[in-house]
Amino acid sequence: MDVLTADSEGRGLINVLTADSEGRGLIDVLTADSEGRGLIDVLSADSEGRGLIDVLTADSEGRGLIDVLTADSEGRGLIDVLTADSEGRGLIDVLTADSEGRGLIDVLTADSEGCGLIDVLTADSEGRGLIDVLTADSEGRGLIDVLNADSEGRGLFDVLTADSEGRGLIDVLTADSEGRGLIDVLTADSEGRGLIDVLSADSEGRGLIDVLSADSEGRGLIDVLTADSEGRGLMDVLTADSEGRGLMDVLSADSEGRGLIDVLTADSEGRGLIDVLTADSEGRGLIDVLSADSEGRGLIAVLSADSEGRGLIDVLTADSEGRGLIDVLTADREGRGLIDVLTADSEGRGLIDVLTADSEGRGLIDVLTADSEGRGLMDVLTADSEGRGLIDVLTADSEGRGLIDVLTADSEGRGLIDVLTADSEGRGLIDVLTADSEGRGLIDVLTADSEGRGLIDVLTADSEGRGLIDVLTADSEGCGLIDVLTADSEGRGLIDVLTADSEGRGLIDVLSADSEGRGLIDVLTADSEGRGLIDVLTADSEGRGLFDVLTADSEGRGLIDVLTADSEGRGLIDVLSADSEGRGLIDVLTADSEGRGLIDVLTADREGRGLIDVLTADSEGRGLIDVLTADSEGRGLINVLSADSEGRGLIDVLTADNEGRGLIDVLSADSEGRGLIDVLTADSEGRGLIDVLTADSEGRGLMDVLTADSEGRGLIDVLSADSEGRGLIDVLTADSEGRGLIDVLTADSEGRGLIDVLTADSEGRGLIDVLTADSEGRGLFDVLTADSEGRGLIDVLTADSEGRGLIDVLSADSEGRGLIDVLTADSEGRGLINVLTADSEGLKDVPVRVSLQLPCLSAYTPYCSNQVKAKALLDQKKQDRRVQDFLQRCLQSPFSRKLDLWNFLDIPRSRLVKYPLLLREILKHTPNDHADRQLLDEAMLVVQSVVADINRQTGESECQYYKDRLLYSEDGQRDQLIEWSRTLSCHGELKNNRGLKLHVFLFQDVLVITRSVSFSDQPVSYQLCRQPIPIRQLDLEDLLDGEMRVGGSIRGAFSNSERTKNFFRVWYRSGGQLQSHSFQASDSFNKQQWINCIRQAKEAAALTGGQTGSGGQIGPVLASCSHLGQESERVVWGETDSGQCLEAEASPSGEGDVNLGEESLAGGGMSVETDPEARVGEDATLDTSSQTGEGVLDKVVGVWRMDRGEVDPHGGASSCQEEEEREEMEQSGAEKEEEVSMDTSEVRRC
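Going by the working numbering, the first residue of the sequence shown is number 4, and it counts up by one from there.
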């Protein structure tokens, strides 16, 4: 539509996108408010009518990715949504946005699932069921941030120092995850075995429980044995009264549950001897039982007893057996081998007297109260039977299992060790867990430092010896969840790790922790996978491949936070108001996601149809484009048609003069750049009819052009106009195409390619007027009797319609196959050409006829030389979908024989190259002494001369075509060697090691390196990238495979061996500096062809002695050569003074179907590319060595190389040079290399 494509200033900028109706310097497209609601159309447009704003749903690249979420306005590879800093404070909006204006950052409060759980605390970026906050490893060291965070930078982990309640109590030591009033540290059972970690921890992995081996003071004394919880100077182990009966556990413990007190049954040495009976507390070698002085009189009780009152001690006198052995010491009444003194039970209670004796009658057993040394210390508690300095009570191993009785005693028989269950104060608190050995008010279990390193055992214990601290791995409930990460100390249903506020500032540690002390919050900088990507920005909690930041819906309204966030609380969505560069320009309106210098809003193509959204948006869903229906003032007047930018009361559309030439744009606009004014070419209904010619201003069904009477004389202007004032009516003299042909005689009103004058049937009888006219009324058609020159010769027999001196009757080609009817006529319908069968004696008529007709072939010289431009024009027209559709339908029609238009246009040239083959075949069967031999030889020379001339002019034409398509970014690139060149040796596409494609031309005397560029509706052009290189100054080097270094990009680092093959280098000296270019061909064949062409060009230049423009031509020439032993012919292309040629084989047998490809008769070389639309029969191939079949030569030909590389039409003229300069700066070393790869279907040379 003209309004959408008009470019009134000719700058390549569409008026609709640059119009400034108010003259404020603001483009209308970006400020238009079509509904008058105060909402800019660009920001509120809903082209699909789904209730979704286009800006928030646009997908300009058609990849299924919304532009707002993928835009990269600075071209740094960073998405704008994730880097935008709308306030210019150096703070990214995504991390500072406060959509509800509560002073809470959205990232930290977002609840995308609407389940009341903050995304940051529930995000699972890897989809493993593990929350990112609890698994994040920001430093990539394999250490979870939650467990090694040090928010204060003191070298103390937050997990171990956090005080969530601000009471001065560390959370790890006060946490009560089950809310039972029991601290987790004291109840945790990490292995789920029913054993509390504190009581079963083995931090050193020696098989020794920490509680029983801890030495908090580093004195070599175990804490359990030295603990003095009451600070009385009495060890808890010796004073503990677990049952609260007033009986010390040490003296009442019954570890085996047999009713026997451990003290009285203990056998510490495992010899079967009870310690009480073998104890030698003073280490004098005297058993305490036998040396006890219960009355303190200095008399041993056993030795002073006088049972008979005779003054004789019984023990010392009794000899019951008369063996001279005192009974006391040898008596064994039961014959069990047990001395009675040690087994006596005087009261018959089952209690041994030695163990129950109460010599003082105080109710205290002598064994337990004896103080043999009189130090006030009971022998039982100080006895050291082995003299090792170890008290027997603390080392006794009654069962001989290697386990000390004190640490294994189970006095109540419940399976609970007394040391771990003792409650000496009867408060219901276990002594081990409440003991305060130093009297500082600090529980020993929580302060013990068994290794003396200054590290508390509870916080460093590693019970499983895996290198994992128990506090951080404990799983008290056995559900596979670590207590530290599930603890809920306040019983509110909130995990302590996620609610802890170690500094009491009202800031949760997880959200404020700064583990590296850089002033950056860990949550916002954590990189759990170590990829350099922040977890907050890459987290994918649902595992759908969508970042949470881009899908979060904190309010649960079905609206993504990124698209609804209002960080400043002004009622303006951040995405639509963000100004990342702080220039006062909204990012949405300035974003350039592809870095092409084109604003996304103005180039976005959400549906990928090649139509810009701004120009196709239909916000109301009525099928009307917003740009054309916008009514910003709400007056019912469309902006495009009512805008008055100067306020003069004159509509801009009708008065705009953007070029300042005094010409109104509407009347001078040329939207297609063809030099045709839109007003005169506009086709508003799309019927192919120009509005100026079809307008019916009066609505009478009569076109204004045909009824206008500008002078009011009653004479229609069309029929009376005399524009040149020569007295000649324009209708009868008009030549609209400037070809010297009057329109009346060339008009084709039906567009069928048939001139009206020649197809008119005025009587409607189906008979053409031209053929039935009888101007003299004699009954003879004028066509058959006309004698236009008055010479008495009928025009039909003398007509030369092309003015070439060739009579039409003798040069007519009725079938359009490029074959003259006289030479192909088969009057008898037997498949035998008349020319070959006319003489029954042999070939007598053929030489005569050929000699007469062959000179006429020179008429095809201009036709063939124009084929280069013709092919380019055809390719350009094929870009029009209507033309392409028409050609496709023709191709599918039976009459086309599945051949496209180019096949037919190429028929004359393809037939020309067969005439030498035909004559050669005739000569092969003509004896040397035949009368026709001389005529045939002469005919061969004539046809070779004609074809050579066609070949030369075609080469020059192609050379000139490509010279006209060259673009120069600076005058210094214009070289006279290019202008003087008349032939083009070869050309083709080449690629360097960074993937940069170049198009290289080898002209007659100069090598030109270019980039192919394409502008809309224009043929491909070629932008020079380097200064042209004279052939005479050029040096060539063939590089071995692998010799060339490939680099310059990340891709090059991973290149395989294929990228280092098929290189060659050219260099020359410019201004005293050596310049070189390395080229890479797609295969070894093409590489060799380039090398041959360059060498031959250098040889030709040397032969001419530098006389440019007159050297040996490197162009297509036909010559004769043959293969030994083969019945085939070869067409030689491009034969030069140096012997250069291109050749193909063909067989002249038969005509058959016209099996054609497309080819370039290129000067100096043939750039060949197989056309995918060319049909070479059903099974035809491009086999240049075939010797049989028909139309073989046709299979060799291709098309002129027409690259379709696209570039920015606004920057194409300089992008090539700038890109090359950037690449040169990246190269290290003096040598600058460019690598070029040539299309595999290019340059066929031998």
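Ideal placement from N, C-alpha and C gives every residue a C-beta, glycine not left out.
I'd like to check one pair, aspartate 122 with serine 115: are the Cβ atoms closer than 8 Å?
Position 112 of the sequence shown, counted from the start, is the residue given in the question as residue 115. Position 119 of the sequence shown, counted from the start, is the residue given in the question as residue 122. Yes, the pair counts as a contact, with Cβ atoms nearer than the cut-off.
For glutamine 1030, does the three-state DSSP call read helix, strand or coil?
Counting from one through the sequence shown, the residue named residue 1030 turns up at place 1027. If DSSP states are grouped into helix, strand and coil, glutamine 1030 belongs with coil.
Spatially closest choice to serine 948 from Glu558, Leu860, Glu207, by CA coordinates
Residue numbering aside, residue 948 sits at position 945 when the sequence shown is read from its first letter. Sorting Glu558, Leu860, Glu207 by C-alpha distance to the C-alpha of serine 948 places Leu860 at the top.
Please report the residue range of the beta strand (DSSP E) in which arginine 1068 lies.
The sequence position of residue 1068 within the sequence shown is 1065, counting from 1. Segment 1066-1073, the beta strand (DSSP E) holding arginine 1068.
Taking the CB atoms as reference points, tell me whether serine 557 and alanine 113 lie closer together than 8 Å.
Here residue 557 refers to the residue found at position 554 of the sequence shown. Here residue 113 refers to the residue found at position 110 of the sequence shown. Yes, the pair counts as a contact, with Cβ atoms nearer than the cut-off.
Spatial neighbours of methionine 381 within its chain, please: C-beta separation below 8 Å, excluding the five flanking residues on both sides.
Along the sequence shown, one-based indexing puts residue 381 at 378. The residues are Leu371, Thr372, Ala373, Asp374.
To the nearest angstrom, how far is it from the Cα of aspartate 694 to the Cα of glutamate 701?
Indexing the sequence shown from 1 puts residue 694 at position 691. Indexing the sequence shown from 1 puts residue 701 at position 698. Cα to Cα, the separation comes out at about 14 Å.
Beta-carbon spacing of proline 919, valine 945 below 8 Å:
Along the sequence shown, one-based indexing puts residue 919 at 916. Along the sequence shown, one-based indexing puts residue 945 at 942. No, Cβ-Cβ distance for proline 919 and valine 945 is not below 8 Å.
Glycine 626 versus Arg443, Gly52, Leu33, Asp36, residue with shortest Cα-Cα distance:
Residue mapping note: residue 626 aligns to position 623 of the sequence shown, counting from 1. Of the listed residues, the one whose Cα sits closest to glycine 626 is Gly52.
Simplified DSSP assignment, three categories, for glutamate 324:
Within the sequence shown, numbered from 1, the residue matching residue 324 stands at position 321. Looking at glutamate 324 - three-state DSSP - the assignment turns out to be coil, as it is neither helix nor strand.
Throw me the rounded Cβ distance for the aspartate 512 and serine 141 pair, which I believe falls under 8 Å.
If you number the sequence shown from 1, residue 512 lands on position 509. If you number the sequence shown from 1, residue 141 lands on position 138. Aspartate 512 to serine 141, Cβ: 15 Å. No contact.
Would you report the Cα separation of leucine 254 and arginine 456, rounded to the nearest angstrom?
Residue mapping note: residue 254 aligns to position 251 of the sequence shown, counting from 1. Residue mapping note: residue 456 aligns to position 453 of the sequence shown, counting from 1. Their backbone Cα atoms lie some 36 Å apart in a straight line.
Less than 8 Å between the C-beta atoms of serine 216 and serine 440, yes or no?
For this step, residue 216 is matched to residue 213 along the sequence shown. For this step, residue 440 is matched to residue 437 along the sequence shown. No, they are not a contact pair.
Starting from the Cα of glycine 444, find the closest Cα among Ile797, Gly234, Leu146, Asn931 and give me that residue.
Translated into the one-based positions of the sequence shown, residue 444 becomes position 441. Looking at the Cα atoms, Gly234 is the closest of the given residues.
Just grab the DSSP bridge partners of phenylalanine 1082 for me.
Position 1079 of the sequence shown, counting from 1, holds the residue named residue 1082. BP columns for phenylalanine 1082 point to Phe1067.
Among the residues of its own chain, which have a CB less than 7 Å from the CB of threonine 1063, if the five just before and after it don't count?
As a working mapping, residue 1063 is identified with position 1060 in the sequence shown. Closer than 7 Å at Cβ, skipping near neighbours: Asp1044, Gly1045, Met1047, Val1049.
Three-state secondary structure (DSSP) at leucine 189?
Numbered from its first residue, the sequence shown carries residue 189 at position 186. Reduced to three states, the DSSP call for leucine 189 is helix.
What does a CB cutoff of less than 8 Å around isoleucine 745 pick up in its chain, not counting 5 residues either side in sequence?
Here the question's residue 745 lines up with position 742 in the sequence shown. Closer than 8 Å at Cβ, skipping near neighbours: Leu735, Thr736, Ala737, Asp738.
Assuming aspartate 296 and isoleucine 303 are in contact, meaning their beta carbons sit under 8 Å apart, how far apart are those beta carbons, in whole angstroms?
Translated into positions along the sequence shown, residue 296 becomes position 293. Translated into positions along the sequence shown, residue 303 becomes position 300. That pair is a contact at about 5 Å.
Name the residue from Val1016, Gly639, Gln1030 whose alpha carbon lies nearest to the alpha carbon of serine 37.
Position 34 of the sequence shown holds residue 37. Measuring from the Cα of serine 37, the nearest candidate turns out to be Gly639.
Note down, in chain order, each residue of its chain lying with its Cβ closer than 7 Å to the Cβ of serine 580, except the 5 sequence neighbours on either side.
Against the sequence shown, residue 580 aligns to sequence position 577. If we look at serine 580 and ignore the five residues flanking it on each side, its Cβ neighbours are Ser89, Ile589.
For glycine 533, I'd like the list of residues in its chain whose CB is within less than 6 Å of its CB, leaving aside the five on either flank, ordered along the chain.
To locate residue 533, count along the sequence shown from 1; it is residue 530. Gly143, listed in sequence order.
With a threshold of 7 Å (Cβ to nearest heavy atom), would aspartate 10 be considered close to the ligand SAM?
Although the ligand SAM was asked about, the structure shown includes no ligands whatsoever.
Run the CB neighbour count on valine 1171, radius 10 Å, all protein chains shown included, and call it buried at 16 or more, exposed below.
Looking up residue 1171 in the sequence shown gives position 1168. The pLDDT assigned to valine 1171 is 32, lower than 50, so where the model puts this residue is not dependable; a value taken from the coordinates is nonetheless given after this. Valine 1171 comes out buried.
Coarse secondary structure for threonine 986, derived from DSSP in three states
The count along the sequence shown starts at 1 and reaches residue 986 at position 983. Reduced to three states, the DSSP call for threonine 986 is coil.
Considering just the uninterrupted stretch of the beta strand (DSSP E) at threonine 502, what are its terminal residues?
Numbered from its first residue, the sequence shown carries residue 502 at position 499. First-last for threonine 502: 499-502, but that is the alpha helix (DSSP H), not the beta strand (DSSP E).
One question on the structure: do leucine 908 and alanine 873 come within less than 8 Å of each other, judged by their Cβ atoms?
Position 905 of the sequence shown, counting from 1, holds the residue named residue 908. Position 870 of the sequence shown, counting from 1, holds the residue named residue 873. Yes, these two residues count as a Cβ contact at 8 Å.
Using DSSP's beta-bridge definition, name the partner residues of threonine 450.
Counted from its first residue, the sequence shown places residue 450 at position 447. Threonine 450 pairs with nothing; no bridge assigned.
Check whether the Cβ atoms of valine 617 and leucine 1039 lie closer than 8 Å to each other.
For the purposes of this step, residue 617 is taken as residue 614 along the sequence shown, with counting starting at 1. For the purposes of this step, residue 1039 is taken as residue 1036 along the sequence shown, with counting starting at 1. For valine 617 and leucine 1039, no; Cβs fall outside 8 Å.
Say whether chain B places a C-beta atom closer than 8 Å to the C-beta of leucine 877.
Here chain B cannot be found, since the structure has a single protein chain.
Would you grab the beta carbon distance between aspartate 265 and aspartate 257 for me? Rounded to a whole angstrom, and I think it's under 8 Å.
Within the sequence shown, the letter at position 262 stands for residue 265. Within the sequence shown, the letter at position 254 stands for residue 257. About 6 Å; that satisfies the 8 Å criterion.
DSSP beta-bridge partners of serine 1024:
The sequence position of residue 1024 within the sequence shown is 1021, counting from 1. Its beta-bridge partners are Val1016.
Looking at C-beta atoms only, is the number of pairs between the segment 319-338 and the segment 387-398 that lie closer than 8 Å three or more?
no
Should asparagine 18 go down as buried or exposed, given a rule of 16 or more other Cβ atoms within 10 Å for buried?
In the sequence shown, the residue the question calls residue 18 occupies position 15. Counting Cβ neighbours within 10 Å, asparagine 18 comes out buried, since at least 16 surround it.
Have a look at Asp231, Ile342, Val227 and flag the residue whose alpha-carbon is nearest the alpha-carbon of valine 409.
For this step, residue 409 is matched to residue 406 along the sequence shown. Here the closest residue by C-alpha is Val227.
Return the Cβ separation of serine 1081 and leucine 1027 in integer angstroms, given the expectation that the two are a contact with Cβ distance under 8 Å.
Taking the first residue of the sequence shown as position 1, residue 1081 is located at position 1078. Taking the first residue of the sequence shown as position 1, residue 1027 is located at position 1024. About 19 Å separates the two Cβ atoms, so there is no contact after all.
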